[in-house]
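Have a look at the structure below before the remarks.
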Amino acid sequence: MYTDFDIYAYLVSHHDMVFFDDEADVAVDQMNELLHYIHQFSEEDDSLGVLEEVVRRTLFDWIENSDLLGLDSDEMQAYIMEQLADARQQDSDDDE
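1 is the number of the first residue of the sequence shown in the working numbering; add one for each residue after it.
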């Protein structure tokens with residue numbers, strides 16, 4: 001359940017984002033904001049696996065696509081809500 005999800009275990013630091021070079025500070029702030037959105041938009045029946053999958057996807061996407069650094073807060077929230085919906089659907093499909 002989402003109550004077992006500790007967002008603080010996933011927060012990143014400047015050291016984690018060195019591959020963003022001059023954009024590292026922005027990347028750290030945005031990634032941590034995204035991680036907080038995962039927690040904020042999680043639902044009581046979300047499994048820990050679903051939430052961890054969204055964290056994994058988000059970290060991967062941000063590392064692989066530096067264009068995502070240009071998103072504003074509303075766009076980041078929409079991104080997380082989309083990722084949560086997709087992970088929930090995948091989890092539901094796996095249960096069938």
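Don't be surprised by glycine CBs; every beta carbon is placed ideally from N, CA and C.
Here the structure is a predicted model, which is why all the values come from computation and not from measurement.
- Between the alpha carbons of E23 and I38 lies a distance of about 22 Å.
- The three-state secondary structure of S73, taken from DSSP, is helix.
- Between L35 and V55, the C-beta gap is smaller than 8 Å, which places the two residues in contact.
- The beta carbon of A87 sits closer than 7 Å to the beta carbons of V50, E53, V54 from its chain, once the five residues preceding and following it are set aside; these are given in chain order.
- Ranked by Cα distance from I7, the options T58, N32, D16, S13 are led by N32.
- Linking L84 to V18 through their CA atoms gives a straight-line distance of about 27 Å.
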